[in-house]
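Peer 1: Just so you know, the numbering used here puts the end of the sequence shown at 1486, numbered straight through with nothing missing.
Cβ atoms here follow ideal geometry from the backbone N, Cα and C, with glycine treated the same way.
As the structure is a prediction and not an experimental result, all values here were calculated from the model.
This is the structure I want to talk about, given as structure tokens.
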Amino acid sequence: MKALEGVQILDMTHVQSGPTCTQLLAWFGADVIKVERPGVGDATRGQLRDLPDVDSLYFTMLNHNKRSVTLNTKSDKGKEIFVKLIETCDVLVENFAPGAMDRMGFSWERIHEINPRIIYASIKGFGPGPYEDCKVYENVAQCTGGSASTTGFLDGPPTVTGAQIGDSGTGLHLALGIVTALYHREHSGIGQRVTAAMQDGVLNLCRVKLRDQQRLQHGPLTEYSQYGQGIEFGDATPRAGNDSGGGQPGWILKCKGWETDPNAYVYFITQAAVWGNVCDIIGRPEWKEEPGYATPPERLDKISQIFDAIEEWTKTKTKLEVMEICNPLNIPCGPILSMRELAEEPSLRQTGTIVEVDHPERGKYLTVGNPVKLSNSVSQVTRSPLLGEHTDEILADVLGLSAEEIAAAKSAGAV
Ligand code: COA
1072 MKALEGVQIL
1082 DMTHVQSGPT
1092 CTQLLAWFGA
1102 DVIKVERPGV
1112 GDATRGQLRD
1122 LPDVDSLYFT
1132 MLNHNKRSVT
1142 LNTKSDKGKE
1152 IFVKLIETCD
1162 VLVENFAPGA
1172 MDRMGFSWER
1182 IHEINPRIIY
1192 ASIKGFGPGP
1202 YEDCKVYENV
1212 AQCTGGSAST
1222 TGFLDGPPTV
1232 TGAQIGDSGT
1242 GLHLALGIVT
1252 ALYHREHSGI
1262 GQRVTAAMQD
1272 GVLNLCRVKL
1282 RDQQRLQHGP
1292 LTEYSQYGQG
1302 IEFGDATPRA
1312 GNDSGGGQPG
1322 WILKCKGWET
1332 DPNAYVYFIT
1342 QAAVWGNVCD
1352 IIGRPEWKEE
1362 PGYATPPERL
1372 DKISQIFDAI
1382 EEWTKTKTKL
1392 EVMEICNPLN
1402 IPCGPILSMR
1412 ELAEEPSLRQ
1422 TGTIVEVDHP
1432 ERGKYLTVGN
1442 PVKLSNSVSQ
1452 VTRSPLLGEH
1462 TDEILADVLG
1472 LSAEEIAAAK
1482 SAGAV
């Protein structure tokens, strides 16, 4: 048995944030029934297409291990079937624009009345407050959740990050909320409302920057290289380039080949415990004892200068050579790996973090498998469903509708 086997999820999600959440639950063994508008489906099926008339990678990579049922939840017949699905399922997940479920006639109160055990989970851009009615996409959340104002270089504009912390990040938060509510239901017997706002999810991931905002009231942030450069701090946590900004200074340094390879770089951390090893490999053994360099507090005003010296050494090695030399010395560092390198990395294939999937219309493609590994609930990634692929099967097996009832629903345009 997989960890979530037997849990049925009524998946009303679309685009990225909600589908990330339900895909995770499906990987852990839940039966995820994705409800899509007849003839239309999740908009991402048709977005960023690389092959004509074939579900996009955007869609397939967010909807593995699910079943698809088409259902017009705005039609009378469709609503009837939807009520049956609510009666049957353990969890309903959606990430429509604010108010869409209410407009459809399915408020939390109504859903709870239909099935008091159901957990109703939603993602919205914002929580209650001035922006609660706004539609939100990834970068809006990054900008309003504190990520953009703290990402980028001091002399440049706010910057968004490639990691989808607003969409996928909030999907992860919601998945935790759902399994927590399922656990609570085990002893309470009732379901509850679970909500996760994208602004809140991003802010949660940026909490160290709110830490720094408060530290700033008591003096400059000495772990930021701006401190050593003599640049005054303003009234908000600044953008800090590649500074770690934490207790162990770090920076991205050029490696051999950087002139032509945009990813010939390494993240290098001068962890205090291995300072002696750092001094030895870069040929500055005198810094181990020299006043001004010997202890971490003495080095804080020289972060940029120290990394310039380390870079003179890293430029003589490839990023993987730096890793090979530093690892045995316990110096934490990370080569900047391109998507091409990650796609080809054998160890990620072996652990199932990168998986090849076969799709009847597009053929083989790569995807990211479940990044969370459970010893007794191993995830096998199965392809995403075609639009409405499981409609008949779900109406018959999950809801017990007869062939005549299914035919009637079809002729009414409900499925
Ligand atoms: N049958 C009938 N109607 C359906 C349906 C179905 N199976 N599934 C969806 N619909 C309807 C909805 O009821 C809604 O109708 P309404 O506007 O008349 O109420 C409509 O389809 C579309 O919903 P909406 O969510 O407004 O889509 P959108 O494409 O305009 O907006 C987002 C997309 C992502 C901006 C918006 O959904 C949103 O802000 N979501 C919350 C935040 C979020 O998750 N953002 C990240 C997405 S990656």
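Could you give the first and the last residue of the continuous beta strand (DSSP E) run that contains Asp1102?
Peer 2: Asp1102 to Glu1107
Peer 1: By the three-class DSSP mapping on this structure, what secondary structure does Ser1239 have?
Peer 2: Residue state, collapsed to three classes: helix.
Peer 1: If we call anything under 8 Å between Cβ atoms a contact, is Val1452 one with Thr1438?
Peer 2: yes
Peer 1: Would Ser1220 and Ala1307 qualify as a contact pair, given that the criterion is a beta-carbon distance under 8 Å?
Peer 2: yes
Peer 1: With DSSP as the reference, identify every bridge partner of Met1083, one or two as the case may be.
Peer 2: Glu1165
Peer 1: State yes or no: is the C-beta of Ala1114 nearer than 7 Å to some heavy atom of the ligand COA?
Peer 2: yes
Peer 1: On a Cα-Cα basis, can you pick out the residue from Glu1464, Ser1375 and Glu1383 that is closest to Asp1314?
Peer 2: Ser1375
Peer 1: Work out the CA separation of His1255 and Leu1445 for me, nearest whole Å.
Peer 2: 21 Å
Peer 1: Classify Val1125 as helix, strand or coil using the three-state DSSP reduction.
Peer 2: Looking at Val1125 - three-state DSSP - the assignment turns out to be coil, as it is neither helix nor strand.
Peer 1: What runs of the beta strand (DSSP E), each 3 residues or longer, lie entirely inside the stretch 1200-1278?
Peer 2: 1264-1268
Peer 1: Give me the DSSP bridge partner(s) of Cys1404.
Peer 2: Within the DSSP bridge table, the entry for Cys1404 names Phe1339 as partners.
Peer 1: Quick check on the DSSP output: the alpha helix (DSSP H) that includes His1183 runs from which residue to which?
Peer 2: Start and end: Trp1179 to Ile1185.
Peer 1: If you measure between the beta carbons of Arg1433 and Asp1126, is that distance less than 8 Å?
Peer 2: Contact flag set, yes.
Peer 1: For Thr1093 and Val1164, which I take to be in contact (beta-carbon distance under 8 Å), what is that distance rounded to the nearest angstrom?
Peer 2: 5 Å
Peer 1: DSSP state of Ala1192, grouped into three classes?
Peer 2: strand
Peer 1: Are the beta-carbon atoms of Ile1352 and Pro1403 separated by less than 8 Å?
Peer 2: no
Peer 1: Let me make sure I understand the geometry here. Which of Gly1328, Ser1296, Gly1299 and Ser1239 has the alpha-carbon closest to that of Gly1272?
Peer 2: Ser1239
Peer 1: So Asp1113 packs on Phe1130, CB below 8 Å; how close in whole Å?
Peer 2: 6 Å
Peer 1: Looking at the structure shown, is Trp1329 part of a helix, part of a strand, or coil, going by DSSP?
Peer 2: coil
Peer 1: Between the beta-carbon of Val1086 and the beta-carbon of Asp1161, is there less than 8 Å?
Peer 2: no
Peer 1: On a Cα-Cα basis, can you pick out the residue from Ala1414, Glu1416 and Arg1454 that is closest to Gly1431?
Peer 2: The identity of residue 1431 in the sequence shown is Pro, whereas the question assumes Gly. Nearest option by C-alpha distance: Arg1454.
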